[in-house]
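Trainee: As numbered in the numbering used here, residues 94 to 452 make up the sequence shown, in order.
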Amino acid sequence: MDRDKLSQYVLDYVRCLGACAVGIATTETLAEGPPSADLTYVLPEAKSAISFALPLDQNTIYAFLCKEDRISHQRDNYRVNGLASGLSLQLSKWLDQKGYTSIAQASNDVYRRDTPGGRLDMYPELSLRYLAVCSGVGHFGLSGNVITKDHGAAVILGCVVTTAELEPTDPLPADESYCDECRLCMASCASGLMHPKEKTEIELGGVKFEYSKRRSYLRCEYVCGGFTGLHPSGKWSTWSPGRFPIPKDDADFGPALMASLDAYRKRPDMQEGFYHSLMPGKLWQTCGNCQLVCHPDKDERKRRHKMLTGSGVVVQHPDGTLEAMPREKANLFLAVMEPEARALYEKVESKQAEMVLRV
Ligand code: B12
Ligand code: SF4
Ligand code: SF4
């Protein structure tokens with residue numbers, strides 16, 4: 094089959110399986126990029142990669158941001174991640190059958206082992222975002238998330254790397270991006286991962302892309318990981334019932350995360366969740382706010398940010414269930430807890446509580 098026809102088949106194939114956007118990047122269009130743009134890292138003879146986005150269910154996002162229903166979005170998120178990995182596998186096998194060695198990429202939770210800190214550095218084998226912006230699946234938003242014209246940032250990315258020499262698709266024109274640097278992604282982030290002023294510029298095949306500079310990844314791991322969730326203002330929280338302080342300096346995030354680890358492990362189970370390979374136990378969906386507020390329509394973005402910041406603070410009941418309430422009520426809820434129960438959520442100056450956490 095000639096190059097154009099095979100490329101068209103591949104694009105159609107992925108659309109038929111439910112992708113809202115699909116594109117093709119090649120070793121040439123990714124040339125000179127950062128290390129996780131190097132297709133040959135996963136397949137030495139690689140020539141091309143098929144990149145695609147699958148939409149999250151917008152209907153579950155409202156109740157998640159209002160802190161009324163966490164489970165529906167969590168389920169949807171894990172489901173779409175599974176679909177993205179499955180789609181990749183199916184396409185890679187189809188290409189294999191056609192005679193092209195191909196490698197499916199999992200949608201998440203796969204890290205390089207050969208960097209100084211190993212898997213804990215969290216460098217991906219391939220950056221699905223680089224492939225997506227390079228091939229025109231979406232733009233980089235200021236948040237660093239890939240944004241799409243119909244579903245905003247609420248998409249899960251996937252990809253297949255192949256030895257097939259496919260026809261690359263162009264990056265989207267920069268002036269078609271809806272990102273107006275409204276900064277609502279940053280205002281919805283309790284961790285401060287995204288630098289408010291500085292940007293990172295990368296180059297892929299001679300085309301420049303930029304997004305906000307990341308501060309320490311540990312910021313997001315501490316908050317999105319669910320160890321803590323109370324915004325430094327004290328006015329609102331993520332779905333995490335943790336209220337350990339969020340440091341100002343990057344260097345203090347490692348110790349803060351370690352100090353909250355025992356408490357995190359001893360909290361009652363929240364519903365469902367999944368076993369992340371870097372976590373000691375389960376990980377529950379408690380944030381993702383920078384992704385979920387970022388809708389193509391600016392008024393909708395503002396509305397979502399209001400939903401999040403106007404829906405109070407989450408606390409946990411002894412049976413594990415979570416409830417959002419105004420911050421004054423939440424403070425009272427914590428104040429009447431036994432010190433050892435309270436120490437699961439915030440710093441308590443009590444020898445008894447410290448003893449409990451050490452056991
Ligand atoms: C590791 C990881 C994380 C880490 C690190 C984030 C990061 N910026 O790298 C943490 C835990 C913080 C994280 C958070 C989130 N993530 Co995440 N994450 C990933 C993962 C596995 C890799 C990210 C990545 O590409 N990093 C590399 C680049 C992009 O990061 P960078 O810091 O800009 O890189 C700089 C340097 O480090 C250097 N560099 C780049 N690559 C390499 C490699 C090496 C070896 C070295 C030395 C240097 C280097 O060059 C860059 C410029 O200087 C991807 C899945 C995948 N395989 O792509 C999902 C992914 C990016 N995550 C995703 C999501 C949704 C999230 C969250 C919203 C949480 C959530 N609810 O899921 C937040 C968003 C935070 C944000 N605003 O960016 C989605 C994004 C979807 C989208 N629309 O863009 C992805 C694509 C998963 C998916 N399949 O959809 N994530
Ligand atoms: S929330 Fe605003 S600034 Fe952030 S990525 Fe979306 S449009 Fe851009
Ligand atoms: S997922 Fe949450 S903690 Fe992480 S960067 Fe986005 S808003 Fe911040």
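Glycine included, each C-beta is placed from N, C-alpha and C at the ideal position. Because the structure is a prediction, the values reported are computed rather than measured.
Using only the alpha-carbon positions, how far apart do residue 436 and residue 350 sit?
Mentor: The residue labelled residue 436 in the question sits at position 343 within the sequence shown. The residue labelled residue 350 in the question sits at position 257 within the sequence shown. Between residue 436 and residue 350, the C-alpha separation is close to 15 Å.
Trainee: If you pair each beta-carbon of the segment 353 to 369 with each one of the segment 132 to 150, do three or more pairs fall below 8 Å?
Mentor: no
Trainee: Any chance the CB of residue 230 is under 7 Å from a heavy atom of ligand 3?
Mentor: Mapped onto the sequence shown, residue 230 falls at position 137. Flag unset: Cβ of residue 230 not near ligand 3.
Trainee: What beta strand (DSSP E) runs, 3 residues minimum, are completely inside the segment 300 to 324?
Mentor: 300 to 307
Trainee: I need the straight-line Cα distance from residue 245 to residue 348, nearest angstrom please.
Mentor: For this step, residue 245 is matched to residue 152 along the sequence shown. For this step, residue 348 is matched to residue 255 along the sequence shown. Approximately 35 Å between the Cα atoms of the pair.
Trainee: For the structure I just gave you, are there three or more beta carbon pairs, one from the segment 263 to 276 and one from the segment 189 to 197, closer than 8 Å?
Mentor: Because the criterion of three Cβ pairs below 8 Å is not met, the segment 263 to 276 and the segment 189 to 197 do not touch.
Trainee: Check for me: the alpha helix (DSSP H) holding residue 376 runs from which residue to which?
Mentor: On the sequence shown, residue 376 is found 283 positions in, with the first residue counted as 1. Here residue 376 belongs to no alpha helix (DSSP H), and DSSP marks it neither H nor E.
Trainee: Here's a check: name, in chain order, each residue in its chain whose Cβ is nearer than 6 Å to the Cβ of residue 430, leaving out the five neighbours to either side.
Mentor: Numbered from its first residue, the sequence shown carries residue 430 at position 337. Setting aside the 5 residues that flank it on each side, residue 430 has no residue in the same chain whose C-beta is closer than 6 Å to its C-beta.
Trainee: With distances taken between CB atoms, is the gap from residue 132 to residue 139 smaller than 8 Å?
Mentor: Position 39 of the sequence shown, counted from the first residue, corresponds to residue 132. Position 46 of the sequence shown, counted from the first residue, corresponds to residue 139. It is a contact, given that the beta carbons lie within the stated cut-off.
Trainee: Look up residue 148 in the DSSP assignment and give the residues it is bridged to.
Mentor: The residue labelled residue 148 in the question sits at position 55 within the sequence shown. Residue 148 pairs with 248.
Trainee: Any chance the segment 162 to 175 sits against the segment 372 to 384, with 3 or more Cβ pairs inside 8 Å?
Mentor: yes
Trainee: Report whether the distance from the Cβ of residue 384 to the nearest heavy atom of ligand 1 is below 7 Å.
Mentor: Locating residue 384 in the sequence shown gives position 291, counting from the first residue. The answer is yes for residue 384.
Trainee: Counting pairs of beta carbons, one from the segment 119 to 130 and one from the segment 212 to 220, are three or more of them closer than 8 Å?
Mentor: Judged by Cβ distances under 8 Å, the segment 119 to 130 makes contact with the segment 212 to 220, as three or more pairs qualify.
Trainee: Give me the Cβ distance between residue 114 and residue 241, rounded to the nearest whole Å; I'm assuming they're in contact under 8 Å.
Mentor: For the purposes of this step, residue 114 is taken as the residue at position 21 of the sequence shown. For the purposes of this step, residue 241 is taken as the residue at position 148 of the sequence shown. So it is a contact: roughly 6 Å between Cβ atoms.
Trainee: In this structure, how does DSSP classify residue 450 when only helix, strand and coil are distinguished?
Mentor: The sequence position of residue 450 within the sequence shown is 357, counting from 1. Since pLDDT at residue 450 reaches only 49, below the 50 mark, its modelled position is unreliable, and the value read off the structure follows with that caveat. Of the three classes helix, strand and coil, the one that applies to residue 450 here is helix, per DSSP.
Trainee: Whose C-beta lies closer than 7 Å to the C-beta of residue 257 among residues of the same chain, with five residues either side of it excluded?
Mentor: Working through the sequence shown from its first residue, we reach residue 257 at position 164. Same-chain partners within the cutoff: 99, 140, 141, 188 and 193.
Trainee: According to DSSP, which residues form a beta bridge with residue 292?
Mentor: Sequence index remark: in the sequence shown, residue 292 carries index 199 (1-based). Answer by DSSP bridge pairing, in chain order: 305.
Trainee: Going by Cα to Cα distance, which pick from 406, 400 and 371 is closest to residue 323?
Mentor: Taking the sequence shown and counting its residues from 1, one reaches residue 323 at position 230. Restricting attention to 406, 400 and 371, the CA atom closest to the CA of residue 323 is found in 406.
Trainee: In whole angstroms, what separates the C-alpha of residue 209 from that of residue 402?
Mentor: Here residue 209 is taken as the residue at index 116 of the sequence shown, counted from 1. Here residue 402 is taken as the residue at index 309 of the sequence shown, counted from 1. Each residue's Cα considered, the two are about 38 Å apart.
Trainee: Considering only their Cβ atoms, is the gap separating residue 409 from residue 247 smaller than 8 Å?
Mentor: Taking the first residue of the sequence shown as position 1, residue 247 is located at position 154. Taking the first residue of the sequence shown as position 1, residue 409 is located at position 316. No, the pair does not count as a contact, with Cβ atoms beyond the cut-off.
Trainee: Does the distance from the C-beta atom of residue 440 to that of residue 337 stay below 8 Å?
Mentor: Start at 1 with the first residue of the sequence shown, and residue 440 comes out as number 347. Start at 1 with the first residue of the sequence shown, and residue 337 comes out as number 244. Result yes, Cβ atoms of residue 440 and residue 337 sit closer than 8 Å.
Trainee: Locate the beta strand (DSSP E) running through residue 416, then write down its first and last residues.
Mentor: By one-based count along the sequence shown, residue 416 stands at place 323. Residue 416 -> beta strand (DSSP E) spans 415 to 418.
Trainee: Hey, residue 371 and residue 212: beta-carbon distance below 8 Å or not?
Mentor: Numbered from 1 along the sequence shown, position 278 holds the residue referred to as residue 371. Numbered from 1 along the sequence shown, position 119 holds the residue referred to as residue 212. Yes, the pair counts as a contact, with Cβ atoms nearer than the cut-off.
Trainee: Mind reading off the beta-carbon distance from residue 382 to residue 281? Whole number of angstroms is fine, and I expect it under 8 Å.
Mentor: Within the sequence shown, numbered from 1, the residue matching residue 382 stands at position 289. Within the sequence shown, numbered from 1, the residue matching residue 281 stands at position 188. Sure, about 4 Å apart at Cβ, within 8 Å.
Trainee: For residue 449, count the other beta carbons within 10 Å of its own beta carbon; 16 or more makes it buried, fewer makes it exposed. Which is it?
Mentor: Taking the sequence shown and counting its residues from 1, one reaches residue 449 at position 356. Any reading at residue 449 is ruled out, since the residue's pLDDT is 48, under 50, leaving its predicted position unreliable.
Trainee: Out of 276, 294, 96 and 299, point me to the one whose CA is closest to residue 287's CA.
Mentor: Working through the sequence shown from its first residue, we reach residue 287 at position 194. Answer by Cα proximity: 276.
Trainee: For residue 307 versus residue 237, is the C-beta distance shorter than 8 Å?
Mentor: For this step, residue 307 is matched to residue 214 along the sequence shown. For this step, residue 237 is matched to residue 144 along the sequence shown. The answer is yes: Cβ separation under 8 Å.
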